[in-house]
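Participant: The structure follows.
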Amino acid sequence: MRALVKAVQIARFIPMVEEDRRKSLFIDVLSETRRRTSAATASVVAKTRRLSGAARSSMFAVVRDPKRYTLQDLRENNPLVNRTLLRRRMPKATPRAVVARPYAAHKSYSACHPKSNFRAGWDLLLIGLLLYTAIAVPLEIAFATTEAIDGTFVVNRLMDVVFAIDCSLNFVTPYVDPATNQLVDDLYLVASHYLQGWFALDVVSIVPYDLISWSMAASSEFTAAQTQNVKVLRLMRVLRILKLTRVFRASRIIKRWNAVLGFPIAITQLGKYALVIIILAHWMACLWGCVPQYEDSNWNWEVAYGVNGSTAGTLYVASLYWSVMTIGTIGYGDLPMATNTEKVVAIVCMTVGCASYSFVVGSVCGLVSSLDESATEFNQQMDHLNTYMEREDIPPEMVFRLREYFLHRRDLLLHKHFSRVVGNLSPGLQGELSVYTAGEWVEMIPFFMGGPPGEHVRFITAISQRLEAELYPPQELITRAGEHSGKMYIISKGTGNAGGDASVDA
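Residue numbers for the sequence shown follow the UniProt record's numbering, beginning at 1 and rising by one.
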């Protein structure tokens, strides 16, 4: 058969030889499923034959429906494959189709379920409050001069209430057991897991240290004029830094929603590094700004720099200017260090800032280079091809054809990258994904239709898993009539001629 192809992309299928090997791809777990299924659920799904691709993999049911061909995951709470394989009406000759049925009714999520709508909104609120905490608490420690009931005081009390409620919700929020990868919703186990984990850190973060210091300052027996009392007030203000332990909650929230959100890893990492640099510069600025307040000296960097007695905003801008210089290793030197304490703080900030900046820059360079590995590989291959053609003095007409083929092959290269990723999945998930993406082509082949329902599903899945993408340029000979070939071709895109007369479109 000689095929004249116009930018044809063909999926090559290598058929299986052994029937036993094909049957071994899937394990019939009908008896095990019936044992674990409740009587109500079993009465609904007993009319269907449940199949499993591997241990803990998805199961499919086969029913008659000549209107469409769909495949759906029947595992509880996991309606993964629910796409209609053929969205048009099937011809009457089609004897049966595969239709998705849920293995069991979805459980209604409780309000505290990790994936419930309430928990999603609550986690979003916590993320906003955590960002506010990371910014506001260091500012209060460094630049607040009085203990008064103002807007900031009220906001802090409301935040204490919210985080206390979150601490209570964690006692009834199910968690995923890392050993079994199962959701644990037993209240005793959930509470025990929380008490042994993050409970102590959460309690430390919700103690209202500023309320304690305000009460002490407002007491008639506590006069700020006494040196000892001033030191106690300063110590209580410094203890507010323990509220920054709330920031660690962000890691739990992100971990809980990482699989659901599905943001690109590289973009997420870039955003995380940018946020780390911003927060680090802010914290270092606040640390530098609070040194004069906690040091009994009339000569400090504020006096030497000429900003002594300025507003909190002016002091913060000067401190931020110094911290950004330190992190960026610029070091103009125009902001002096007047005391030994300031020099020690500067040494610590320089060490931490330089190490963080170097790590972030190196990580960002690595991430940027790996944002699109397939494009990088394609560009390298294209450069090698151009070098080779120039070295071998290839004719211009052939150069054009080779470059045109490589440009069309770009999608194929991306497909091969995806195939390597899919190869890391379990056999059952590979089967589901293959049928979801390629089952539509396979089912349209007339001589693949029919057969026993269970065998039909397994057969279509096995074929879909063994499809390999190939690309042929125009006027290319795919195979000759009469030659032995162990391949079957499914044209997914383009046009080909069989025997020089009949054409096949896709």
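Here a beta-carbon is modelled for each residue, glycine too, at the ideal position from N, C-alpha and C.
Can you tell me which of the three DSSP states N298 falls into?
Facilitator: Three-state result, N298: coil.
Participant: Taking only three categories from DSSP, how would you classify K255?
Facilitator: Helix, per DSSP.
Participant: For the candidate residues V176, D185, D334 and L211, whose alpha-carbon lies nearest to that of L158?
Facilitator: For the residues V176, D185, D334 and L211, the minimum Cα distance to L158 belongs to L211.
Participant: Please state if the CB of F378 and the CB of R246 are separated by a distance shorter than 9 Å.
Facilitator: Not a contact, by the Cβ cut-off of 9 Å.
Participant: Helix, strand or coil, according to DSSP, for L71 in the structure here?
Facilitator: Any reading at L71 needs caution, since the residue's pLDDT is 36, under 50, leaving its predicted position unreliable; the model's value is listed next. Strand.
Participant: For L471, count neighbouring C-beta atoms within 10 Å of its own C-beta (all shown protein chains included) and say buried if the count is 16 or more, exposed if not.
Facilitator: It counts as buried.
Participant: So which of F406, S192 and L201 has the shortest CA-CA distance to I241?
Facilitator: Here the closest residue by C-alpha is L201.
Participant: Express the C-alpha separation of A304 and M337 in angstroms, rounding to a whole number.
Facilitator: One C-alpha to the other measures close to 8 Å.
Participant: Using a C-beta cutoff of 9 Å, does Q430 count as contacting chain B?
Facilitator: Looking at the structure shown, chain B is missing, and only one protein chain is on hand.
Participant: Are the CB atoms of R410 and L385 within a distance shorter than 9 Å?
Facilitator: Contact: no.
Participant: Could you spell out the range, first to last residue, of the alpha helix (DSSP H) harbouring V368?
Facilitator: Its alpha helix (DSSP H) spans residues N340 to S369.
Participant: If you drop the 5 nearest sequence neighbours on each side, which residues of the same chain put their C-beta closer than 6 Å to that of Y321?
Facilitator: Taken in chain order, the list of residues that qualify is empty.
Participant: In whole angstroms, what is the alpha-carbon distance linking H417 and Y188?
Facilitator: For H417 and Y188, the distance between alpha carbons rounds to 45 Å.
Participant: Does the beta-carbon of Q430 have 16 or more other beta-carbons within 10 angstroms, so that it is buried, or is it exposed?
Facilitator: With 16 or more other Cβ atoms within 10 Å, it is buried.
Participant: Across which residues does DSSP place A318 in a beta bridge pair?
Facilitator: Per DSSP, none; premise fails for A318.
Participant: Helix, strand or coil: which one does DSSP assign to A498?
Facilitator: Three-state result, A498: strand.
Participant: Which first and last residues belong to the alpha helix (DSSP H) in which Y188 is found?
Facilitator: Counting along the chain, the alpha helix (DSSP H) containing Y188 begins and ends at L187 to L195.
Participant: Along the chain, where does the beta strand (DSSP E) that runs through V155 open and close?
Facilitator: No beta strand (DSSP E) contains V155, which is instead part of the alpha helix (DSSP H) from G151 to L169.
Participant: Touch check for the region 276-292 and the region 309-324: three-plus C-beta pairs under 8 Å?
Facilitator: With a cut-off of 8 Å, the region 309-324 and the region 276-292 count as touching, because enough Cβ pairs lie within range.
Participant: Express the C-alpha separation of L367 and residue 515 in angstroms, rounding to a whole number.
Facilitator: For the chain, the structure presents residues 1 to 506; residue 515 sits outside this window and is missing.
Participant: Between the region 338-356 and the region 298-313, do three or more beta carbon pairs fall short of 8 Å?
Facilitator: A contact exists between the region 338-356 and the region 298-313.
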